[in-house]
Amino acid sequence: MKVRDSGMPKEAMWAAFFDPPRILAQLRLDDPAADVVEFGCGYGTFTIAAAARTRGIVYALDLESGMLDMTRRSAQQAGLGNVRPLRRDFVAEGTGLPDDSVGYAMLFNILHAENPLGLLREAHRVLQPGGKLGVIHWNYDASTPRGPDLSIRPRPEQCQAWTREAGFALAVPFVSLPPYHYGLVGEKPATHKP
15 MKVRDSGMPK EAMWAAFFDP PRILAQLRLD DPAADVVEFG CGYGTFTIAA
65 AARTRGIVYA LDLESGMLDM TRRSAQQAGL GNVRPLRRDF VAEGTGLPDD
115 SVGYAMLFNI LHAENPLGLL REAHRVLQPG GKLGVIHWNY DASTPRGPDL
165 SIRPRPEQCQ AWTREAGFAL AVPFVSLPPY HYGLVGEKPA THKP
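Taken in order, the sequence shown gives residues 15 to 208; the numbers are from the numbering used here.
Now the structure itself:
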């Protein structure tokens, strides 16, 4: 199921919005052995940066084969053998990953989906106790050059509330990611009840 209002701009325009290594450092992807899952890899902008930060496997999930092919090529060109592009309808079917199996989950520019809490709960399920969740979204500002319609674009407070409701502690409640984004870091409690 394609996420509503989720069209991608041209790759060069998209890349100009982000400094992925800096953003991943701010969002505490700091375990050099963590397996990572990305919900909606797009061009692989963050997949490649994550794979360069860890020796673990980076599961790059997307519904569109073309995006997965681009991510695969980018990983090969960067000499990264730890990227696993997987065609997966994670909105309807989940990630397909086992419980407590990854150390970091990336939900970037996707919480405008029809069921954001479901995506966050799936991230919670697959994260190991103590694992981290990185969230990025577009600023709630009509002047951004892209992003979902304001009627479905979540404000930071909404993302924080959903993250807590899904069972995460807010390790970093807000990070400004200029020019057009913000982020947060959630952490799955080290001990949890299913």
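C-beta: ideal position from N, C-alpha, C; glycine also.
Would you kindly check if the distance between the Cβ of G117 and the Cβ of V50 is under 8 Å?
-> As a working note, residue 50 is residue 36 in the sequence shown. As a working note, residue 117 is residue 103 in the sequence shown. It is a contact, given that the beta carbons lie within the stated cut-off.
With a cut-off of 8 Å on the beta carbons, I'd call P99 and F60 a contact; round off their distance for me.
-> Here residue 99 corresponds to residue number 85 of the sequence shown, with the count starting at 1. Here residue 60 corresponds to residue number 46 of the sequence shown, with the count starting at 1. Not really, about 13 Å apart at Cβ, beyond 8 Å.
For L191, which of helix, strand or coil comes out of DSSP?
-> Position 177 of the sequence shown, counted from the first residue, corresponds to residue 191. Reduced to three states, the DSSP call for L191 is strand.
For A89 versus L82, is the C-beta distance shorter than 8 Å?
-> To locate residue 89, count along the sequence shown from 1; it is residue 75. To locate residue 82, count along the sequence shown from 1; it is residue 68. No. Outside cutoff.
Does the Cβ of G177 have 16 or more other Cβ atoms within 10 Å, making it buried, or fewer, making it exposed?
-> Residue 177 sits at position 163 when you count from the first residue of the sequence shown. The sequence given here has Thr at residue 177, not Gly. With 16 or more other Cβ atoms within 10 Å, it is buried.
What residues are listed by DSSP as bridge partners for L100?
-> Walking along the sequence shown from the start, residue 100 turns up at place 86. Paired residue(s): L75.
Please confirm whether E201 and F188 have their CB atoms less than 8 Å apart.
-> To locate residue 201, count along the sequence shown from 1; it is residue 187. To locate residue 188, count along the sequence shown from 1; it is residue 174. Result no, Cβ atoms of E201 and F188 do not sit closer than 8 Å.
From the DSSP output, in three-state form, read off F122 for me.
-> What you label residue 122 is simply residue 108 of the sequence shown in a count that begins at 1. F122: strand per DSSP, three-state reduction.
Which of the three DSSP states, helix, strand or coil, is assigned to F53?
-> In the sequence shown, counting from the first residue as 1, residue 53 sits at position 39. Strand at F53.
In chain order, what residues of the same chain lie with their CB nearer than 6 Å to the CB of P208, ignoring the 5 residues before and after it?
-> For the purposes of this step, residue 208 is taken as residue 194 along the sequence shown, with counting starting at 1. At P208, the pLDDT of 48 sits below 50, so the modelled position is not reliable and the matter cannot be decided from this model.
Consult DSSP for P35 and reduce its assignment to one of helix, strand or coil.
-> Taking the first residue of the sequence shown as position 1, residue 35 is located at position 21. Helix at P35.
Can you tell me whether R102 is buried or exposed, with buried defined as 16 or more other CB within 10 angstroms of its CB?
-> For the purposes of this step, residue 102 is taken as the residue at position 88 of the sequence shown. Label assigned to R102: buried.
Nonlocal neighbours in the same chain, by C-beta distance under 8 Å from L38, ignoring five residues either side = Within the sequence shown, the letter at position 24 stands for residue 38. Answer for L38: F60, A63, A64, R67, G148, listed in chain order.
Should R169 go down as buried or exposed, given a rule of 16 or more other Cβ atoms within 10 Å for buried?
-> The count along the sequence shown starts at 1 and reaches residue 169 at position 155. It is exposed - the Cβ of R169 has fewer than 16 other Cβ atoms within 10 Å.
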